[in-house]
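Everything on this sheet refers to the single structure shown next.
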Ligand SMILES: Nc1ncnc2c1ncn2[C@@H]1O[C@H](COP(=O)(O)OP(=O)(O)OP(=O)(O)O)[C@@H](O)[C@H]1O
Ligand SMILES: [Mg+2]
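Protein chains in written order, with the UniProt record's numbering: chain A, 1 to 268; chain B, 1 to 421.
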């Protein structure tokens, strides 16, 4: 029983004014070890909620999550998280940020030093080890966050719009980096994004969610992630199949948004 | 009023001058910004303005006290010194009105002065002489040496030819001549624009007093003892305030029970100015060290508790989440995330608390103390020793400023990320 299993998970937020929001309804999913899955969906469809449940920050109102056979009850080092804004610790320099996990686990520097330095090399921050994190650019901070997550060697990496705040060029480079790290480390990665292209590039599996209540709408298996490893991602995007899938999914999300708008208009 | 106008004039003149001279010189980043209005980072203090501002204050101070530190052409007009004269016209029963001259020697207070020597003159009204200290005034009984005294109906009707009545006054070149309701003349030599040393001593007098007190002490204690006692109270009071306040604030930020329990107390005590506690603390603990330290402890406590509380509540939840998913325990998150994250707030609070404590200790010493900066100026003021009062005020300001500079320095050293996130 390896991998991440989501069984009939529902999440309802009871609001103080007595109403409630059904953020997720009856979501079931099996994610195999080493899978790279991207999640798309219109705003408010419960992507972040799902990720928070997987991370263990929220307990679902119904259903259960198991990782490698044991139930998920709270946050744990086996499930790493990368946030939209690095969530780095400003009071530590880059290297201390990256080595936070191993240090908290009580390991000594000789056990983690080489690995941390290697990761800093991989994300291209070798010369910034001693820098304060607030002196780095947004893209560099995001790379620190990635390295910090990897240094802790989690089984699953959860990413909530990790590249959302970056400019197009940096973003493209980071997408390449994520693919490379995925292949090299063989980690299970779940990545939420708002960009259809990014979802196509960074998803062996692509999950499209629908809102109200949040649920899985459609699922794809895609070849582009494998193709893209170690290659120029712009080449992959030129693939006619890529363009076709992009149009298909864009249309699907567009329809959902229309539907939401229509519904709110009708309600008014 | 005139001082304010001069001050404004210097302000404007210096602005025009510095802007004119420095216009081409600056090419740093901020000067390349085209939008500076409303951009806080573009408004850094102009150092020229600060220097000129301080110089201006000293200049005005020196000019209006006739200080020997500045050349005399910069002095504001001083009080009249020398021999002042005016004539009076007197009437008496049965004789024609007669004139006589009054000569008043106005001397600097502290110097000896002798009556000027004048000829009594002719006529039944005789010339008079008197001495008056600068900035003072004096009664002049002109009828004393006249041939017809009050019992013969002696009345003064005019000064320098200007009619005068009881209760009225006449301005002369040398000062004001007034007449009391009973008809006695008084003379007030013109005071000029300078301040009397008893109101505002010259800078060099304050300086001299500083060196005198620094070497000889004041009221059985050296100057350093006075200042040291004040500082000691502040530091001890602040230390205990922080020692209790910070953990209290953390507890309030982390536990709903603590928050609920202490919120009313903290929110109630926060708006109570520490000065208002002085009477109560004196009743409870007396005027000794314990009372003062309790007072400062209370002054610092709430500020530090609130700062620590908002520092804890201000931690971005994503940082806590990140730490949890990296495997940190509660205790580790406390130690490595929550505490460092709250440090900027705590430093801000500490700066405020230090400022409040310093102000409170001086005020408490004004009320009652045996040693301390506040006690020094309070006692001095009772004896009209204005120079000590001003010296004390300057020292209190300088020390308060020094404390803040130190705190800012420590802040830059210990929480360099403050305001950079
Ligand atoms: N703590 C909460 N309390 C109440 N309602 C919540 C809470 N968190 C999320 N919701 C609701 O649950 C729904 C799903 O929110 P969620 O943040 O998961 O959406 P999302 O798909 O991540 O959206 P986005 O793409 O904009 O980030 C929304 O309707 C939101 O209003
Ligand atoms: Mg979201």
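Quick reminder that beta carbons are idealized off the backbone N, C-alpha and C, glycines included.
Predicted, not measured: the structure shown is a model, and the values here were computed from it.
Chain E residues whose Cβ lies nearer than 8 Å to that of residue i
i: residue 327/B; result: Among the protein chains in the structure shown, which are A and B, there is no chain E.
Heavy atom of ligand 1 within 7 Å of residue i beta-carbon
i: residue 271/A; result: No information on residue 271/A is available, as it lies outside the stretch 1 to 268 that chain A covers here.
i: residue 15/A; result: yes
i: residue 124/A; result: no
i: residue 193/A; result: no
i: residue 61/A; result: no
i: residue 41/A; result: yes
i: residue 185/A; result: no
i: residue 44/A; result: yes
i: residue 56/A; result: no
i: residue 48/A; result: yes
i: residue 214/A; result: yes
Chain B within 8 Å of residue i, Cβ atoms only
i: residue 112/A; result: no
i: residue 80/A; result: yes
i: residue 90/A; result: yes
i: residue 224/A; result: no
i: residue 83/A; result: yes
i: residue 23/A; result: no
i: residue 55/A; result: yes
i: residue 87/A; result: yes
i: residue 220/A; result: no
i: residue 147/A; result: no
i: residue 165/A; result: no
i: residue 59/A; result: no
i: residue 199/A; result: no
Residue-chain proximity (residue i, chain A), Cβ-Cβ < 8 Å
i: residue 322/B; result: yes
i: residue 194/B; result: no
i: residue 310/B; result: no
i: residue 224/B; result: no
i: residue 412/B; result: no
i: residue 12/B; result: no
i: residue 53/B; result: no
i: residue 318/B; result: yes
i: residue 45/B; result: no
i: residue 384/B; result: no
i: residue 417/B; result: yes
Closest by C-alpha distance to residue i, when choosing among the options
i: residue 75/B; options: 67/B, 81/B, 82/B; result: 67/B
i: residue 129/B; options: 240/B, 116/B, 284/B; result: 116/B
i: residue 212/A; options: 108/A, 248/A, 24/A; result: 24/A
i: residue 158/A; options: 202/A, 170/A, 128/A, 171/A; result: 202/A
i: residue 295/B; options: 224/B, 262/B, 361/B; result: 361/B
i: residue 150/B; options: 127/B, 93/B, 415/B; result: 93/B
i: residue 157/B; options: 405/B, 87/B, 205/B; result: 87/B
i: residue 35/A; options: 2/A, 15/A, 148/A; result: 2/A
i: residue 263/B; options: 63/B, 245/B, 279/B, 105/B; result: 245/B
i: residue 253/B; options: 289/B, 341/B, 229/B, 322/B; result: 341/B
i: residue 153/B; options: 90/B, 170/B, 105/B; result: 90/B
i: residue 183/A; options: 197/A, 172/A, 229/A; result: 229/A
i: residue 197/B; options: 376/B, 333/B, 390/B, 267/B; result: 390/B
i: residue 154/A; options: 102/A, 174/A, 192/A, 106/A; result: 102/A
i: residue 22/A; options: 12/A, 30/A, 29/A, 28/A; result: 12/A
i: residue 420/B; options: 48/A, 205/A, 5/A, 90/A; result: 90/A
i: residue 194/A; options: 108/A, 156/A, 46/A; result: 46/A
i: residue 123/A; options: 76/A, 175/A, 77/A, 61/A; result: 175/A
i: residue 110/B; options: 118/B, 121/B, 132/B; result: 132/B
i: residue 44/A; options: 71/A, 215/A, 72/A; result: 215/A
i: residue 299/B; options: 192/B, 364/B, 161/B, 335/B; result: 364/B
i: residue 61/A; options: 206/A, 73/A, 116/A, 120/A; result: 73/A
Distance between beta carbons of residue j and residue i, contact taken as under 8 Å
i: residue 202/B; j: residue 65/B; result: 4 Å
i: residue 312/B; j: residue 338/B; result: 6 Å
i: residue 236/A; j: residue 149/A; result: Their Cβ separation, rounded to whole angstroms, is 25 Å, which puts residue 236/A and residue 149/A out of contact at 8 Å.
i: residue 319/B; j: residue 87/A; result: 5 Å
i: residue 38/A; j: residue 191/A; result: 5 Å
i: residue 163/B; j: residue 175/B; result: Not confirmed; about 19 Å, so no contact.
i: residue 26/A; j: residue 8/A; result: 5 Å
*Enumerate, from N- to C-terminal direction, the unbroken alpha helix (DSSP H) stretches of 4 or more residues contained entirely within the stretch 63-121 of chain A.*
Fully enclosed alpha helix (DSSP H) runs of 4 or longer: 94-98, 100-104.
*asked:* So within the stretch 58-105 of chain B, which uninterrupted beta strand (DSSP E) runs reach at least 3 residues, ignoring any that extend past its ends?
replied: Runs of the beta strand (DSSP E) spanning 3 or more residues and lying entirely within the stretch 58-105 of chain B occur at 82-92, in chain order.
*Would you mind listing the alpha helix (DSSP H) stretches within the stretch 235-308 of chain B that are 4+ residues and don't spill past its ends, in chain order?*
256-269, 278-285
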